[in-house]
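Engineer: These protein sequence lines are chains A and B, in that order.
Residue numbering for the first sequence follows the working numbering, beginning at 179 and increasing consecutively.
Residue numbering for the second sequence follows the working numbering, beginning at 5 and increasing consecutively.
We put the beta carbon where it would ideally sit given N, CA and C, even for glycine.
Note that this is a predicted model, so its numbers are computed, not measured.
Before I ask anything, let me first share the structure, which is written out below as structure tokens.
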Amino acid sequence: MTPHVPRELLLSYVLDSGPSAGALWTLEAHLEQCAVCQAELREVSAAHCPADTALMEQVRERLSATLPPVTRRRWHRVRGGLARWAAPALGPWAAAVVLVVLCALVLSSAVARDSPTLLLLAPAMPLLGVAVSWGPHSDPVHELIATTPRAGLGLVLRRTLAVLTLVIPALAAAGGITGTAPALVLLPALALTCAGLALGSVMGIQRAATALGTGWALFVVVPGIDGSTVPSYLRESAAPGWAAAAAVLGAVVVVCRNAYLHPREARVRRR
Amino acid sequence: MPRTVSATETAPTRYAHHIRANALTVRRGSRTAVDGIDLNLGTGVHGLLGPNGAGKTTLIRTLATVLTPHAGELELLGSTRHSRGELRELRRRLGYLPQVFGHYRRFTVREFVEYMAWLKEVPRRRVADAVQHAIDRVDLTGRADDRMGSLSGGMLRRAGIAQAIVNDPDILLLDEPTVGLDPAQRMEFRDLLRDIGSQSCVLVSTHLVEDVGAACVGVVLMDEGRTVFAGHLDHLRAAGTDADPGDSDIERGYSALLRRHRQATSD
């Protein structure tokens with residue numbers, strides 16, 4: 179099949195005498211997108227059905243006078259303009275570069291001025307892992323897993339344990355290096371992970387982990403990042419409170435274990 | 005290697021129909037996607053037909069226990085799955101292939117089917133056999149150790165069918181399984197369906213009418229969340245006349261029933 183529509187086919191389309199339903203559908207789908215064939219169609223219809231073409235031109239003029247013009251939203255225009263310069267696949271890489279530079283800045287300032295950055299960032303770290311390991315946006319087999327017998331609290335705990343096994347040694351090592359007490363680094367992380375799972379029984383684990391992580395970043399990390407005093411709830415005296423919170427939230431997760439059998443994400447509207 | 009057969013496998017079934025639904029209602033957001041459907045499906049291959057947006061995918065997802073119904077009764081394999089243990093037991097005997105088959109691109113076919121076998125709690129001693137048998141049945145033996153990201157569309161579908169049958173399910177739910185398969189593969193797939201349908205209840209949602217005609221015994225026709233027709237394929241064939249649009253008697257029967265249903269509900 180040539181990349182453009184042959185003239186005879188356009189003629190039979192205009193005279194409504196030829197193409198079968200399947201060919202018609204393919205033809206119209208191509209015509210909607212190809213400006214060259216649209217121009218040729220205009221020529222063919224002007225040559226063979228001048229009366230109909232004149233009528234359609236009149237209708238088009240009247241309509242375009244009365245209908246409001248289509249304006250693309252500003253973000254779409256910017257994105258379209260950007261795509262002419264940068265490769266579209268550059269987006270995630272650019273975000274990653276920015277993130278790495280910011281992290282380097284934060285960490286270097288933390289080591290230099292002995293600020294409580296580690297204490298502020300540590301609790302949110304496991305939440306990132308939990309958000310990524312569960313949910314329709316990051317796990318492509320999410321729907322199938324929901325129909326298997328192992329779906330439920332067992333699988334959720336296995337995946338969370340895998341995330342914690344990766345994150346806790348790293349946090350403990352970082353705590354050892356900067357000299358902060360390990361309980362202060364680990365207990366809030368555990369409590370926040372249990373909170374994410376408990377909230378996930380209500381609104382879906384990915385959404386809960388993302389919401390909690392964002393909330394922690396906005397309300398704790400950002401205000402405290404440039405101060406040199408540790409907030410009161412991250413001091414030594416608060417460690418038992420975090421342990422109690424972790425225990426209570428863990429009990430909530432176990433009590434609500436039936437909620438994990440049916441993923442809340444299944445109720446998300448498909449775009 | 006002989007395996008011991010457990011008492012549950014040789015016990016007689018106490019239910020007449022594998023899938024039984026009574027006034028089943030499922031809502032998606034504010035829309036009622038499945039509106040008071042009655043179903044009685046037993047052993048055999050059943051086709052689920054209907055226009056786009058009729059609620060077929062929502063119905064299949066509800067039968068696969070992904071969604072919970074908002075109203076009505078749903079009985080799968082004789083149990084109305086109230087407790088956690090019953091739900092687990094039911095899901096062990098279920099096979100499901102969704103319309104959008106999400107997969108891990110870096111897994112090989114064998115690794116993926118083994119992972120699904122683990123998730124479906126196939127006994128460990130039988131996993132290797134079951135996986136090989138499933139891969140052989142869908143004719144992917146030559147590509148079993150290739151990564152799923154390197155498979156063509158039709159082969160990916162076949163890998164999806166392999167994971168659905170790895171646990172020898174009693175209920176097999178397939179949502180558009182023949183998308184991307186070439187005609188020879190479709191004929192082999194129909195043989196596979198007939199083979200599975202001799203022992204289990206298979207529900208296939210498809211737009212391809214010739215697949216329904218060749219493999220299915222019963223047909224359920226849906227429109228806008230309601231059942232238009234549920235019965236034997238021959239009754240669907242007999243419902244159409246020469247005046248109805250369609251190139252085969254199944255298509256004519258389909259258009260005739262749909263037209264009558266729409267006229268009846270618009271009155």
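1) Quick check: is the beta carbon of residue 102 of chain B nearer than 7 Å to any beta carbon in chain A?
2) Just the C-alpha distance for residue 100 of chain B and residue 177 of chain B, rounded to the nearest angstrom, thanks.
3) Are the C-beta atoms of residue 449 of chain A and some chain B residue less than 7 Å apart?
4) Report the residue from B/138, B/70 and B/143 whose alpha carbon sits nearest the alpha carbon of residue 438 of chain A.
5) Which same chain residues end up closer than 7 Å to residue 96 of chain B when comparing Cβ atoms and leaving out the 5 residues on each side of it in sequence?
6) Flag residue 128 of chain B as yes if its beta-carbon sits less than 7 Å from any beta-carbon of chain A, otherwise no.
7) Using DSSP with H/G/I as helix, E/B as strand and the rest coil, what is residue 211 of chain B?
8) So for residue 281 of chain A, helix, strand or coil by DSSP?
9) Can you name the residues of chain A whose CB is closer than 7 Å to the CB of residue 72 of chain B?
10) In chain order, what residues of the same chain lie with their CB nearer than 6 Å to the CB of residue 77 of chain B, ignoring the 5 residues before and after it?
11) What is the residue span of the beta strand (DSSP E) that residue 28 of chain B lies within?
12) What residue range is occupied by the uninterrupted beta strand (DSSP E) comprising residue 226 of chain B?
13) Going straight from the alpha carbon of residue 211 of chain B to that of residue 53 of chain B, what length do you get?
14) Run through DSSP, which three-state label would residue 385 of chain A get?
15) Do you know how far the Cα of residue 325 of chain A is from the Cα of residue 144 of chain A?
16) Hey, is residue 194 of chain A's beta-carbon within less than 7 Å of any beta-carbon in chain B?
17) Under 7 Å between C-beta atoms, does residue 270 of chain A make it to chain B?
18) Residues in its own chain within less than 8 Å of residue 262 of chain B by CB, not counting five upstream and five downstream?
19) Which value, in whole angstroms, describes the spacing of the CA atoms of residue 205 of chain A and residue 10 of chain B?
20) Indicate the three-state DSSP secondary structure (helix, strand or coil) for residue 413 of chain A in the structure shown.
21) With H, G and I counted as helix, E and B as strand and the rest as coil, what does DSSP make of residue 132 of chain A?
22) Would you be able to state if there are at least three C-beta pairs under 8 Å between the region 369 to 386 of chain A and the region 327 to 340 of chain A?
23) Between B/114, B/45, B/33 and B/241, which has its C-alpha nearest residue 136 of chain B's C-alpha?
24) Looking at the C-beta of residue 324 of chain A, does it have a partner C-beta in chain B at a distance below 7 Å?
25) Hey, could you find the ends of the beta strand (DSSP E) residue 4 of chain B is sitting in?
26) Going straight from the alpha carbon of residue 134 of chain B to that of residue 206 of chain B, what length do you get?
27) Please confirm if the region 359 to 376 of chain A is in contact with the region 292 to 304 of chain A, defined as three or more CB-CB distances below 8 Å between the two stretches.
28) Is residue 61 of chain B buried or exposed, if buried means 16 or more other CB atoms sit within 10 Å of its CB?
29) Per DSSP, what kind of secondary structure is residue 315 of chain A in: helix, strand or coil?
30) Using a beta-carbon distance below 7 Å, is residue 304 of chain A in contact with chain B?
31) How about residue 216 of chain B and residue 51 of chain B: are their beta carbons less than 7 Å apart?
32) In chain order, which continuous runs of the beta strand (DSSP E) of length 3 or greater are located wholly inside the region 150 to 219 of chain B?
33) Pull up the distance between the alpha-carbon of residue 235 of chain B and that of residue 223 of chain B, whole angstroms please.
34) Counting only beta-carbon separations shorter than 7 Å, does residue 319 of chain A have a partner in chain B?
35) List the endpoints of the continuous alpha helix (DSSP H) containing residue 100 of chain B.
36) Is the region 210 to 218 of chain A in contact with the region 183 to 193 of chain A, if contact means three or more CB pairs nearer than 8 Å?
Structural biologist: With the given structure in hand:
1) Yes, its Cβ sits closer than 7 Å to a Cβ of chain A.
2) 5 Å
3) Residue placement at residue 449 of chain A is flagged as unreliable, the pLDDT there being 33, under the threshold of 50; the coordinate-derived value follows with that caveat. It does not: the Cβ of residue 449 of chain A has no partner Cβ on chain B nearer than 7 Å.
4) B/70
5) 124, 125 and 171
6) no
7) In the three-state reduction of the DSSP assignment, residue 211 of chain B falls in the coil class.
8) Secondary structure of residue 281 of chain A (DSSP, three-state): helix.
9) 440
10) 26
11) In the DSSP assignment, residue 28 of chain B falls within the beta strand (DSSP E) that extends over 23 to 32.
12) 222 to 227
13) 6 Å
14) Reduced to three states, the DSSP call for residue 385 of chain A is helix.
15) Residue 144 of chain A is absent from the structure shown; chain A starts at 179 and stops at 449.
16) no
17) It does not: the Cβ of residue 270 of chain A has no partner Cβ on chain B nearer than 7 Å.
18) 55, 225, 227 and 232
19) 60 Å
20) coil
21) The structure shown does not extend to residue 132 of chain A, since chain A is modelled only from 179 to 449, so the question has no answer here.
22) yes
23) B/114
24) yes
25) Past the edges of chain B, shown from 5 to 271, lies residue 4 of chain B, and the structure says nothing about it.
26) Roughly 19 Å between the two C-alpha positions.
27) yes
28) buried
29) coil
30) no
31) yes
32) 175 to 179 and 205 to 209
33) 6 Å
34) Closer than 7 Å to the CB of residue 319 of chain A there is at least one CB belonging to chain B.
35) Judged by DSSP secondary structure, residue 100 of chain B falls outside any alpha helix (DSSP H) and instead within the beta strand (DSSP E) spanning 98 to 101.
36) yes
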